[in-house]
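Residue numbers (the numbering used here), protein chains in the order written: chain A, 1 to 203; chain B, 204 to 406.
Quick reminder that beta carbons are idealized off the backbone N, C-alpha and C, glycines included.
Note that the structure is a prediction, hence the values are computed from the model and not measured.
To start, the structure itself, in structure tokens.
Written as structure tokens, this is what we have:
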């Protein structure tokens with residue numbers, strides 16, 4: 001259980017109307033931090049699924065359920081639950097027979113990507129994925145430039161181990177070693193195109 | 204949002220003590236239905252991860268979060284949430300470079316596995332996985348016999364489409380067309396051994 005997201009003494013209530021729409025799963029507090037990028041990835045994943053290009057889903061936010069109420073004739077209502085620390089990355093799936101696994105992070109920083117945006121367990125998970133022959137990466141979005149990159153997990157893991165030397169990856173290093181995701185109309189973040197470039201470099 | 208699990212006018216409260224242990228993620232109401240099999244699979248997945256044999260995780264139960272309270276100095280508390288209908292299967296991951304995707308179902312039936320244990324969206328998801336070159340199946344446990352089988356998604360999908368003819372798969376057909384999971388000590392359900400047989404038949 002983790003104190004996440006941070007907040008102070010207040011009660012938050014999202015409109016009940018939201019629960020009627022399919023979009024609600026994205027309206028968790030958990031996801032609000034990276035709303036822009038996450039929505040773009042969800043949109044791309046929907047597009048890929050509909051067009052039989054890839055099967056990639058965002059994992060649900062893990063919660064520990066403590067109390068549930070069962071009102072008559074209506075949906076079971078969870079009355080007490082807590083956010084758990086995720087043990088993996090947020091996205092995984094299959095693309096042309098390959099196992100794909102990644103996380104997505106935004107930064108408003110213009111010169112570097114701070115490694116504190118990531119957690120030890122995510123890095124360890126990506127290392128495990130690579131050791132099983134999966135494809136691992138993070139999508140980094142520099143919001144000030146509206147630029148998004150696929151940054152390979154292999155580089156990220158090496159930098160994580162050296163983070164006593166550098167606590168961030170410079171923008172220049174990301175531009176040099178990443179695969180920039182081209183902007184397009186539909187989906188707006190067509191990240192499979194950048195992934196294709198990464199995969200062709202791997203083989 | 205779904206009325207799930209079924210229940211009548213009552214209030215359920217799981218001990219707060221549970222939230223302190225790592226096991227709590229398995230103590231959701233959602234998982235209680237298939238406790239035995241699910242625990243066995245979780246144990247196997249932990250074993251595979253620790254021994255670098257595979258990276259396979261159970262996905263969190265999807266919930267729609269409506270209300271969150273932020274008490275001072277303690278974890279954010281979800282005060283209102285609802286179970287969502289999962290859009291995929293429960294387990295996925297990577298094994299020797301291959302994308303693995305499955306669901307797990309128990310039955311106390313001795314003569315057949317009723318197809319009503321599955322949902323349309325799970326079948327559709329497995330079909331999407333196969334079309335991307337992933338490995339899809341279900342693990343079926345006959346609790347009365349303490350026998351568990353890997354049943355390939357390709358057969359399941361064909362039978363699902365014919366379900367106007369037969370609303371269940373006979374035990375005999377499962378025995379004939381599945382890969383039985385051998386019982387062992389650690390993990391008790393070593394399903395990768397059965398998966399190896401299935402994979403060698405595929406190639």
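Using the Cβ count rule (16 or more neighbours within 10 Å means buried), how would you classify residue 183 of chain A?
exposed
Where does residue 398 of chain B sit, in a helix, a strand or coil, going by DSSP?
helix
Taking 8 Å as the CB-CB cut-off, is residue 286 of chain B touching chain A?
yes
Specify the secondary structure class of residue 116 of chain A as computed by DSSP and reduced to three states.
helix
Name the DSSP bridge partner or partners of residue 93 of chain A?
A:56, A:100
Using a beta-carbon distance below 8 Å, is residue 98 of chain A in contact with chain B?
Yes, contact with chain B.
For chain A, check one thing: does any of its Cβ atoms lie closer than 8 Å to the Cβ of residue 357 of chain B?
no
So if I threshold CB-CB distances at 8 Å, which residues from the stretch 323-346 of chain B count as touching chain A?
Cβ contacts with chain A: 328, 331, 332, 334, 335, 336, 337.
Pairs of beta-carbons, one from the stretch 111-130 of chain A and one from the stretch 64-75 of chain A, closer than 8 Å: are there three or more?
No, because fewer than three Cβ pairs between the stretch 111-130 of chain A and the stretch 64-75 of chain A fall closer than 8 Å, the two stretches do not touch.
Could you tell me which uninterrupted beta strand (DSSP E) segments, each at least 3 residues in length, are contained entirely in the stretch 320-356 of chain B, listed from first to last along the chain?
Complete beta strand (DSSP E) runs here, min 3: 338-345, 350-355.
Spatial neighbours of residue 397 of chain B within its chain, please: CB distance less than 6 Å, with the 5 preceding and 5 following residues excluded, ordered by chain position.
Within the same chain, residue 397 of chain B has close Cβ partners 353, 382, 384.
Any idea what DSSP makes of residue 69 of chain A, helix, strand or coil?
The answer is strand: DSSP assigns residue 69 of chain A an E or B state.
Quick check on residue 390 of chain B - is its C-beta less than 8 Å from some C-beta in chain A?
At a cut-off of 8 Å between C-beta atoms, residue 390 of chain B does not count as an interface residue with respect to chain A.
Could you check where the alpha helix (DSSP H) with residue 377 of chain B kicks off and where it finishes?
374-380
Quick check on the burial criterion: 16 or more other C-beta atoms within 10 angstroms. Buried or exposed for residue 348 of chain B?
exposed
Looking at residue 81 of chain A and residue 284 of chain B, is the spacing between their C-beta atoms short of 8 Å?
With respect to residue 81 of chain A, residue 284 of chain B sits close: the two C-beta atoms are nearer than 8 Å.
Report the three-state DSSP secondary structure of residue 369 of chain B (helix, strand or coil).
coil
Within 8 Å, do at least three Cβ pairs link the stretch 106-118 of chain A to the stretch 89-97 of chain A?
no
Which residues in chain A have a C-beta closer than 8 Å to the C-beta of residue 298 of chain B? List them in chain order.
132
Would you check whether the ligand MN has a heavy atom nearer than 7 Å to the C-beta of residue 153 of chain A?
Absence of the ligand MN is noted for the structure shown, with no ligands found whatsoever.
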